[in-house]
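Using UniProt numbering, the first residue of the sequence shown is number 1, and each one after it goes up by one. Heads up, the beta-carbon is just placed ideally off N, CA and C, and yes, glycines get one too.
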Amino acid sequence: MTSTRTDPIIVAGAGHVGLIAAIALAQSFDNVISLGVLPEGSDKRTTALMVPAIKFLERIGLWASIEPHAAPIATMRILDGTSRLIRSPAVTFEASEIDEPAFGYNIPNVTLTSVLSDALKNSKVNHVAASATHYHPAENAIAVEGSDGSMYTANIVIAADGRSSLAREAAGISARTWSYNQTAIVLSFSHTRDHHDISTEFHTEHGPFTQVPLPGKRSSLVWVTTPAQAVELLELSRDQLATRVEERMQSMLGAITINVDPQSWPLSGLVPSSFARNRVFLAGESAHVFPPIGAQGLNLGVRDVETLLDTLPVDGMDLGAASVLTTYNRKRSPDILARTGAVDALNRSLLSDFLPVQMVRSGGLELLRAFSPLRGFVMREGLRPGSGWRFSHKEAGRH
1 MTSTRTDPII VAGAGHVGLI AAIALAQSFD NVISLGVLPE GSDKRTTALM VPAIKFLERI
61 GLWASIEPHA APIATMRILD GTSRLIRSPA VTFEASEIDE PAFGYNIPNV TLTSVLSDAL
121 KNSKVNHVAA SATHYHPAEN AIAVEGSDGS MYTANIVIAA DGRSSLAREA AGISARTWSY
181 NQTAIVLSFS HTRDHHDIST EFHTEHGPFT QVPLPGKRSS LVWVTTPAQA VELLELSRDQ
241 LATRVEERMQ SMLGAITINV DPQSWPLSGL VPSSFARNRV FLAGESAHVF PPIGAQGLNL
301 GVRDVETLLD TLPVDGMDLG AASVLTTYNR KRSPDILART GAVDALNRSL LSDFLPVQMV
361 RSGGLELLRA FSPLRGFVMR EGLRPGSGWR FSHKEAGRH
């Protein structure tokens, strides 16, 4: 008979993925320790969470507090904003085509941080406001040292400690990293015309320019461009920057007023050689980093946590057993590697001046525009891997 393990589960990192992991795990396990400094409420970015992630937040009791601050994304539109010889057709994705009221919701990061921090305080999680500094994996446990001098013997560690993860390194998991000659500028703005819950992504020669709705006549923006142009844009006054944004959007939302100053982030990518090893499970940016295309980042992190909950045994079996690590790795590898490859390929195709690449991208978008079953497949697969082949009632009626 397997003896019950009482060593704690340590969640390393207190970013959004780490907080979601700790809160969710504490609903099934008694001894969960969150090790990390809570994020400050100064992050001006927003996060688009798709319906599967929303449903998971509902499942663990968090969504009701977030929803009043979120804006639905009912339509997603892709427009070619390049001046190339081969230009792609406009493609519109409607959530109603796959029987969903919305693809997801756009949420200010300050809201996510506030709701998750409050939920952590009201949970069974033992939160320690210190970072893990050293890990010592052994056959039956993993020792963890905190920056405050604390010492723990854990059954397993959930590495939600970011792209430079110490836990990943201690587990002997290598990571391949790369950088893009691109910078993302993020800001929020108000506009005089209603966005009608539509998110519009302009594909430009330097990367995507993506507007995502916020409550009221407000939107967030992720503008991916060259590092040199990013420096130029950041030096503009709010009024000058508003003019540039309005011009790029062809005034489709009317007059624009910047109401959250821009922040910038260099773009990079990362994929590890494994997603679980030596009692360490990777989640969030320790497991995947890629450009902000298609709202994949935190959505993948939530799927990491969801998979973790579905994988960890609740019958007293050793949570760090080889079979558990293998199962988590097998479940996460196809999803993460496919998303990383797809986002990387799309981003590089935007940057390519090679005519055949432009033709392939344009032809692919034309197929999506003209062929509704394929469009439905892509929409469902984009929300949740493996769901692409399930036709909606509307599609069944049309075809």
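Whose CA, out of 236, 78 and 176, lies closest to the CA of residue 273?
176
Residue 135 versus residue 103 - alpha carbon distance:
Going from the Cα of residue 135 to the Cα of residue 103 covers about 40 Å.
Can you tell me whether residue 60 is helix, strand or coil according to DSSP?
coil
Pick from 60, 319 and 28 that is closest to residue 302, judged by C-alpha positions
60
What are the boundary residues of the alpha helix (DSSP H) that residue 240 is part of?
238-248
For residue 79, which of helix, strand or coil comes out of DSSP?
strand
Where do the N-terminal and C-terminal ends of the beta strand (DSSP E) with residue 118 fall, by residue?
Here residue 118 belongs to no beta strand (DSSP E); instead the alpha helix (DSSP H) covers 109-121.
Nonlocal neighbours in the same chain, by C-beta distance under 7 Å from residue 190, ignoring five residues either side:
In the same chain as residue 190, and ignoring 5 residues on each side of it, the C-beta atoms closer than 7 Å to its own belong to 217, 218, 257 and 259, in chain order.
On the three-state DSSP scale, how would you describe residue 72?
strand
From residue 261 to residue 62, what does the alpha carbon distance come to, in whole angstroms?
29 Å
Only counting the same chain, and skipping five residues up and downstream in sequence, which positions put a Cβ closer than 8 Å to that of residue 18?
11, 12, 34, 36, 158, 160, 161, 283 and 284
Give a yes or no on contact between the stretch 64-83 and the stretch 111-120, applying the rule of three or more CB pairs nearer than 8 Å.
yes
Along the chain, where does the beta strand (DSSP E) containing residue 142 start, and where does it finish?
Element bounds for residue 142: 142-146.
Among 41, 240, 229 and 179, which has the Cα closest to the Cα of residue 268?
179
Is the Cβ-Cβ distance between residue 38 and residue 119 less than 8 Å?
no
Buried or exposed for residue 316, going by 16 or more other Cβ atoms inside 10 Å?
Under this definition residue 316 is an exposed residue.
How many Å lie between residue 137 and residue 281 at the Cα?
12 Å
Indicate whether the contact test is met: 3 or more Cβ pairs, each with one atom in the stretch 46-55 and one in the stretch 314-333, closer than 8 Å.
no
Out of 182, 240, 320 and 304, which has the shortest C-alpha to C-alpha gap to residue 206?
Considering only alpha carbons, the answer is 182.
Helix, strand or coil: how does DSSP classify residue 216 here?
Secondary structure of residue 216 (DSSP, three-state): coil.
Beta-carbon spacing of residue 242, residue 192 below 8 Å
no
Whole-angstrom C-beta distance between residue 202 and residue 248, which should lie under 8 Å:
7 Å
Pull the bridge partners of residue 49 from the DSSP assignment, please.
105
Best match in 139, 173, 167 and 70 for proximity to residue 212 [C-alpha to C-alpha]:
70
Less than 6 Å between C-beta atoms, sequence neighbours within five positions excluded: which residues of the same chain meet that for residue 227?
183
With distance defined between alpha-carbon atoms, name the residue in 244, 308, 215 and 187 nearest to residue 197.
215
Just to confirm, is the Cβ distance from residue 28 to residue 233 under 8 Å?
no
Simplified DSSP assignment, three categories, for residue 127
strand
If residue 155 and residue 141 are in contact, beta carbons under 8 Å, what's the gap, nearest whole angstrom?
Residue 155 to residue 141, Cβ: 7 Å. Contact.
Whose CA, out of 199, 46, 147 and 139, lies closest to the CA of residue 171?
Checking every option, the nearest Cα to that of residue 171 belongs to 139.
Endpoints, the alpha helix (DSSP H) within which residue 20 is located
16-25
Could you give the C-beta distance for residue 186 and residue 44, rounded to a whole number, given that I count them as a contact under 8 Å?
7 Å
Given a cut-off of 8 Å on the beta-carbon distance, is the pair residue 46 and residue 107 in contact?
Going by C-beta atoms, residue 46 is nearer than 8 Å to residue 107.
Where residue 163 falls: helix, strand or coil (DSSP)
Correct three-state label for residue 163: coil.
From which residue to which residue does the alpha helix (DSSP H) around residue 37 run?
Premise fails: residue 37 is in no alpha helix (DSSP H) and is neither H nor E.
Pick from 77, 9 and 312: whose alpha carbon is nearest that of residue 143?
9
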